[in-house]
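Undergrad: Residue numbers (my numbering): 386 to 718.
In this text, a Cβ means the ideal position worked out from N, Cα and C, and glycines have one as well.
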Ligand SMILES: [Zn+2]
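(1) Measuring from the CB of residue 442, is there a heavy atom of ligand 1 at a distance below 8 Å?
(2) Residue 674 to residue 424, Cα distance in whole Å?
(3) Select from 650, 576 and 402 the residue whose C-alpha is nearest the C-alpha of residue 451.
(4) In chain order, what residues of the same chain have a beta carbon less than 8 Å from the beta carbon of residue 499, not counting five sequence neighbours either side?
(5) Count the CB pairs spanning the region 566-576 and the region 632-650 that are closer than 8 Å, and state whether there are at least three.
(6) Going by the C-beta, is residue 431 closer than 8 Å to any heavy atom of ligand 1?
(7) What is the residue span of the beta strand (DSSP E) that residue 562 lies within?
(8) State the DSSP-derived secondary structure class of residue 544, mapped to helix, strand or coil.
(9) Check whether the Cβ atoms of residue 623 and residue 609 lie closer than 9 Å to each other.
(10) List, from N- to C-terminal side, the beta strand (DSSP E) runs of 3 residues or more that fit wholly inside the region 562-640.
(11) Quick one: what's residue 704 bridged to in DSSP?
(12) In three-state terms, what does DSSP make of residue 691?
(13) Leaving aside the five residues before and after residue 559 along the sequence, list all residues of the same chain whose C-beta is less than 6 Å from its C-beta, in chain order.
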């Protein structure tokens, strides 16, 4: 049974929606949480998010049909942006994008050795800059999956690229030393299948590293339905620390490390949330980029402590459970 919003959700007649049970516990028992718009690119529509009464997972339900979601990832979608000329700010923009890949590499290299023999798969690789970065720095063997095709970017041909849905790919079992999912799981229409697929293609001693926005974070409390982590309708679910850990564990992984931060800059959420609150949906990057960097400069003293502030992100490092199936009792965590 689902209690829905009092406000009608107005959507173009051609949008198709489908009901979905909770990704985490499978229940069909929800309460209305919020109605959101496509704040990032400004497309039409009102999208409902519910909260599971059994486990608390927040998710998009009824969700927009998978056949229609692709149109919400157009060329303006931030992760898929190609090289752009931002005028005098171009070096600053490229520095920020490069820093993001550097921060991912820094985080990953604490838990996984990176060298010329390391086979890395990035699920939801977009234009592949993270893979190219670790290939250049550590000569890793790099593979990527993304449902978006024609991701033309300099160097992209160096990536063994699998177009389409991750769990439909033909990939050799236990091939990878490291699988990364940077802001992939919260977009996934079948996160359980994807996590199980990761378990299948990950080596016994391999690591799976997943970053998603954190629902029970400061910026969600601040922005509510305008929280950039809602990112309607692309985000199928919003994970709290609890539901994120449950999702990973129930799909055959044990958690090696939980971090209340990620490689993604929390400042982006502070900026975008403020922008959506003030100006409504649809962010004009050309106009926003200058205030973006000014704001970042002003907030630098706070952002230095981002790892301790639970601002917006979370990351889990995990291993396959069957890794340690040798009669050792489970360590309490
Ligand atoms: Zn549930």
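TA: Walking through what the data contain:
(1) Here the question's residue 442 lines up with position 57 in the chain shown. Residue 442 Cβ: within cutoff of ligand 1.
(2) Here residue 674 refers to the residue found at position 289 of the chain shown. Here residue 424 refers to the residue found at position 39 of the chain shown. Computed Cα separation, rounded: 16 Å.
(3) Counting from 1 along the chain shown, the entry for residue 451 is found at position 66. Checked all of 650, 576 and 402; the closest Cα to residue 451 is 402.
(4) In the chain shown, counting from the first residue as 1, residue 499 sits at position 114. Closer than 8 Å at Cβ, skipping near neighbours: 490, 493, 505, 519, 522, 523, 525 and 563.
(5) yes
(6) Residue numbering aside, residue 431 sits at position 46 when the chain shown is read from its first letter. No.
(7) Within the chain shown, numbered from 1, the residue matching residue 562 stands at position 177. Per DSSP, residue 562 belongs to the beta strand (DSSP E) from 561-567.
(8) For the purposes of this step, residue 544 is taken as the residue at position 159 of the chain shown. Reduced to three states, the DSSP call for residue 544 is coil.
(9) Position 238 of the chain shown, counted from the first residue, corresponds to residue 623. Position 224 of the chain shown, counted from the first residue, corresponds to residue 609. No. Outside cutoff.
(10) 587-598
(11) For the purposes of this step, residue 704 is taken as residue 319 along the chain shown, with counting starting at 1. Looking at the DSSP assignment, residue 704 forms a beta bridge with 639.
(12) Counted from its first residue, the chain shown places residue 691 at position 306. Looking at residue 691 - three-state DSSP - the assignment turns out to be helix.
(13) Looking up residue 559 in the chain shown gives position 174. Closer than 6 Å at Cβ, skipping near neighbours: 588.
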